[in-house]
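To keep things clear, I will list the structure first and then write my remarks on it.
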Amino acid sequence: MYKLDQLCEGTSLSQEEATQLFLDFLNGKLSEIEMTALLVALKAKGESTTEILGALSAMRQSAHPFPCLAELKKHHRILDCVGTGGDNQHSLNISTPTAIMAAQLGLTVAKHGNRAVSSKCGTADLLEAVGMNIAMSPQTAKRSLEENRFTFLFSPLYHPATQMIKKVRNNLKSRTLFNLLGPLLNPTSPEILLIGVYHPSLCERFAKVLQAQGFQKALIVHGEGLDEIALHGTTTGILLDQGQLSRFSLTPEEAGLKRFPLDAIKGGEIHFNQAQFLNLLQGKGTNAYRSAVALNTGVLLYLADKVPTIAQGVEMVLAALESDAGFQLLQKVKEVSHAQ
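Heads up, the sequence shown is in UniProt numbering, so the first residue is 1 and it goes up one at a time.
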């Protein structure tokens, strides 16, 4: 089978080979059995930087562009916070309320996401459950970004070729290279990224991919088993700033928070996660959920130079979570999402 022996021997593909392989994936030239075998072989070997770059190139060649992006960026510095998923912890959704609270506090966030594959509740599942039209048109998404500083970009609308491998991913129900690609494929090409990864070894790999693409600012983190900044332990990662890489480490105490056990933010079925999400945005969240979102949002505010320290960012978010300001923003975005 094409390139399978090479991968099984532990030899990585070049960027050009990976680009061609994933073009074959997306153009329907491989059977489901071939795609499954190749994805499993890549995962077993460990996806290399060149393979991720090649797959990204293939995905972007088949992507639909975001409308009037150059004009939009004259007035907005766009951010995103996203996780790879695949950490198998089934925690409450952190990145979605983080994005909403960051927007409520003045940042411009284009949240790129999809339905869950290896977890119970992805961003798209959660936002759809609370009544948002996740399949809003690109023009409508742009309007929401301009009016509310927040929008949701449903990945299949911008990367329709991924439908070719949807069944394979769903059948595998395990993280694959496509978990790694999702955080890197936001069609607005954000200026700042906060990315959580499911294994600490991926931090440097992601950072080098972004560095190779000329990306200016990103923080890639792993939080002791979570693809988020952790409330139960030490978060480690790599900061990419102006083309330079440096190590990152953060404890809850350094951000002015106390630790909570991982079980304190344990998620459940979609209806449970939805209720916790809405309670949080209405100022009624649990202490652990509030702290987890404040920690992640505080880091995003710090990356965007909104605050001089992470602790000050956390304090700002905790104050905002005392009110229903996040919920009111969600309602505005929902309204726009259903507009024609």
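Where is the CB? At the ideal position from N, CA and C, for every residue including glycine.
The DSSP assignment places complete alpha helix (DSSP H) segments of no fewer than 4 residues inside the region 24-98 at 32-45, 49-61, 69-73, in order along the chain. No Cβ-Cβ contact shorter than 7 Å links T84 with D241.
When Cβ pairs closer than 8 Å are counted between the two stretches, the region 127-142 is seen to touch the region 66-79, the count reaching three or more. Put simply, of Q211, K334, H199, A212 the residue whose alpha carbon is nearest the alpha carbon of G223 is H199. Using a Cβ-Cβ distance cut-off of 8 Å, the region 33-42 and the region 1-14 are in contact, since at least three pairs of beta carbons, one from each stretch, lie closer than that value.
Nearest to C81 by alpha-carbon distance, out of N93, H75, I52, D87, is N93. According to the DSSP assignment, V109 belongs to no alpha helix (DSSP H) but to the beta strand (DSSP E) extending over 108-113. The beta carbon of S246 lies closer than 8 Å to those of I238, L239 in the same chain, with the five residues before and after it left out. Note that the region 98-108 does not touch the region 155-175; fewer than 3 beta-carbon pairs, one per stretch, sit closer than 8 Å. Looking at the DSSP output, F215 sits in no beta bridge, so it has no partner there. Here the C-alpha atom of A292 lies approximately 11 Å from the C-alpha atom of V299. Counting the other Cβ atoms within 10 Å of the Cβ of Q15 gives 16 or more, which makes it buried. Secondary structure note for R290: its alpha helix (DSSP H) is the uninterrupted segment 287-303. Bridge pairing for I238: I220, R247 [DSSP]. Around the beta-carbon of N88, fewer than 16 other beta-carbon atoms lie within 10 Å, marking it exposed. In the displayed model, F260 falls within coil according to three-state DSSP, outside both helix and strand. For T11, there is no enclosing beta strand (DSSP E), as DSSP marks it with neither H nor E. Here I310 has A255, G298, V299, Y302 as same chain residues with Cβ atoms under 6 Å from its own Cβ, once five neighbours each way along the sequence are excluded. Three or more beta-carbon pairs separated by less than 8 Å are not found between the region 229-238 and the region 71-81, which leaves the two stretches without contact.
The C-beta separation of R60 from V109 comes to about 21 Å, leaving the pair out of contact by the 8 Å criterion. Nearest to A304 by alpha-carbon distance, out of P183, E191, K332, is E191. For T151, the uninterrupted beta strand (DSSP E) run begins and ends at 150-154, by DSSP. In this structure, DSSP gives G326 a helical state, which the three-state scheme calls helix. In the DSSP assignment, G313 falls within the unbroken alpha helix (DSSP H) covering 310-320. By the Cβ neighbour-count rule, A319 is exposed, with fewer than 16 other Cβ atoms within 10 Å of its own. Per the coordinates, the alpha-carbon of E47 lies some 11 Å from the alpha-carbon of G54.
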